[in-house]
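Chemist: FYI, the numbering for the sequence shown is 1 to 285, going by full-length UniProt numbering.
From the three backbone atoms N, C-alpha and C, an ideal C-beta is built for every residue, glycine too.
Keep in mind the model is a prediction, meaning the values are calculated, not measured.
Following this message is one structure expressed as structure tokens.
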Amino acid sequence: MIYSMTGYGKSVLQLPSKKVSIELKSLNSKSLDLNARMPSIYREKELSIRKLIANELVRGKIDFSIYVETTAEDTSTQINTPVVKQYIQQLKNVVDGSDIELLKMAVRFPDALNTVREEIDENEWQLIENEIHTAVTDLINHRLNEGKVLEQDFNMRVKSIDDLLEQVITMDPERVEGVRERLLKGVEELKEKYDENRFEQELVYYIEKFDITEEKVRLKNHLNYFLETINSKESNGKKLGFISQEMGREINTIGSKSNYAPMQQLVVQMKDELEKIKEQLLNAL
């Protein structure tokens with residue numbers, strides 16, 4: 001199973017005096033990079049929110065936001081009536097003006113308004129926390145759907161590499177015979193006598209240096225292991241990344257040993273498919 005690191009989750013809670021909207025956005029990242037935005041009243045809960053998100057989402061660049069919209073006549077800011085009246089009285093001694101004009105001036109002065117710090121209602125917070133869980137679940141489902149697309153792409157490209165490998169295996173005897181013929185032709189062109197037995201020994205030694213049997217077997221095993229990891233219960237993009245690196249090593253070695261143009265063309269195609277796999281793995285959880 002593959003989960004993408006890209007996802008979006010949202011949940012909205014309607015309370016008697018406010019509407020609370022919770023949003024989560026996720027992009028790919030090597031580790032967990034969480035950016036949290038919320039009203040100051042909920043800041044004391046930030047640590048527990050971070051822990052919850054880290055446990056559930058594991059990795060990714062996460063933007064978490066809580067938006068609060070007041071829907072009733074409820075405000076934490078109140079007019080400091082005695083202070084405002086005192087300002088108006090003082091202003092009357094300085095300037096002429098109507099009470100309305102003086103009031104407009106008075107409310108701009110320091111301490112004319114009192115802001116009462118709200119305290120978290122634990123019952124209310126429990127409802128909000130439940131909605132955070134809902135938004136996280138929504139994002140995880142989004143990640144799963146994106147992961148299914150990645151999984152289809154991985155399966156297609158691994159099969160493509162496997163098909164190309166089968167062509168390499170089929171072509172290998174032809175390649176070895178081609179190397180033998182080129183060497184024999186080169187020796188004959190020298191028009192010098194040579195020890196045929198010694199030549200055969202040297203030829204066998206030379207061809208063994210270009211033998212790709214082990215690389216073919218290992219690459220086949222890596223392809224199978226990649227598919228097994230995709231089909232495991234847990235998403236493990238890092239592990240798939242390690243396997244893809246091993247696949248790359250075997251493909252590169254086959255290319256360097258092939259010494260045969262048709263086979264090298266197949267190797268180039270395998271490299272192209274592998275690079276596309278690696279690009280997609282950057283977004284796998």
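Have a look at E275, G237 and L184 and flag the residue whose alpha-carbon is nearest the alpha-carbon of Q201.
Modeler: That would be L184, whose Cα lies nearest to the Cα of Q201.
Chemist: Determine, using beta-carbon pairs with one atom in the stretch 61-70 and one in the stretch 19-31, whether at least three such pairs fall under 8 angstroms.
Modeler: With the cut-off at 8 angstroms, the stretch 61-70 and the stretch 19-31 touch.
Chemist: Does any heavy atom of the ligand GTP sit closer than 8 angstroms to the C-beta of D121?
Modeler: With respect to the ligand GTP, the structure offers nothing, as it holds no ligand at all.
Chemist: Can you give me the start and stop residues for the beta strand (DSSP E) that S11 sits inside?
Modeler: First-last of the beta strand (DSSP E) with S11: G7 to Q14.
Chemist: Leaving aside the five residues before and after M171 along the sequence, list all residues of the same chain whose C-beta is less than 7 angstroms from its C-beta, in chain order.
Modeler: Answer for M171: P262 and M263, listed in chain order.
Chemist: Mapping DSSP to helix, strand and coil, what is T70?
Modeler: In this structure, T70 counts as strand in the three-state DSSP scheme.
Chemist: Closer than 8 angstroms is the cut-off here; do at least three beta carbon pairs connect the stretch 6-16 with the stretch 138-147?
Modeler: Enough Cβ pairs lie closer than 8 angstroms, so yes.
Chemist: Hey, which unbroken runs of the alpha helix (DSSP H) at 4 residues or more fall wholly within the UniProt domain "Endoribonuclease YicC-like C-terminal" (171-283)?
Modeler: Correct list: 196-209, 213-230, 237-258 and 261-281.
Chemist: Using the Cα positions of F241 and L34, report the straight-line distance between them to the nearest angstrom.
Modeler: A quick correction: the sequence has Gly, not Phe, at residue 241. Distance between the alpha carbons of G241 and L34: 23 angstroms.
Chemist: For V158, which residues of its own chain have a beta-carbon under 7 angstroms away from its beta-carbon, when the five flanking residues on both sides are left out?
Modeler: Result list for V158: L223, F226 and L227, in chain order.
Chemist: Taking only three categories from DSSP, how would you classify residue 311?
Modeler: As shown, the chain starts at 1 and ends at 285. That puts residue 311 outside it, with no answer to give.
Chemist: By Cβ distance, which residues of its chain are closer than 8 angstroms to S232, with the 5 residues on each side in sequence left out?
Modeler: Result list for S232: M1, in chain order.
Chemist: Using beta-carbon positions only, say whether N155 and I230 come within less than 9 angstroms of one another.
Modeler: It is a contact, given that the beta carbons lie within the stated cut-off.
Chemist: Assuming S26 contacts I62 (C-beta within less than 8 angstroms), just tell me the rounded distance between them.
Modeler: At roughly 5 angstroms, the Cβ-Cβ gap stays under 8 angstroms, so S26 and I62 are in contact.
Chemist: How far does the alpha helix (DSSP H) with N55 in it reach, from first residue to last?
Modeler: Note, N55: alpha helix (DSSP H), E46 to L57.
Chemist: In its own chain, which residues sit with a C-beta less than 7 angstroms from the C-beta of G248, not counting the 5 before and 5 after it?
Modeler: Cβ within range, chain order: L274.
Chemist: How far does the beta strand (DSSP E) with L32 in it reach, from first residue to last?
Modeler: Per DSSP, L32 belongs to the beta strand (DSSP E) from L32 to R37.
Chemist: Excluding the five sequence neighbours on either side, which residues of its own chain have a C-beta within less than 7 angstroms of the C-beta of E246, listed in chain order?
Modeler: Cβ within range, chain order: H222.
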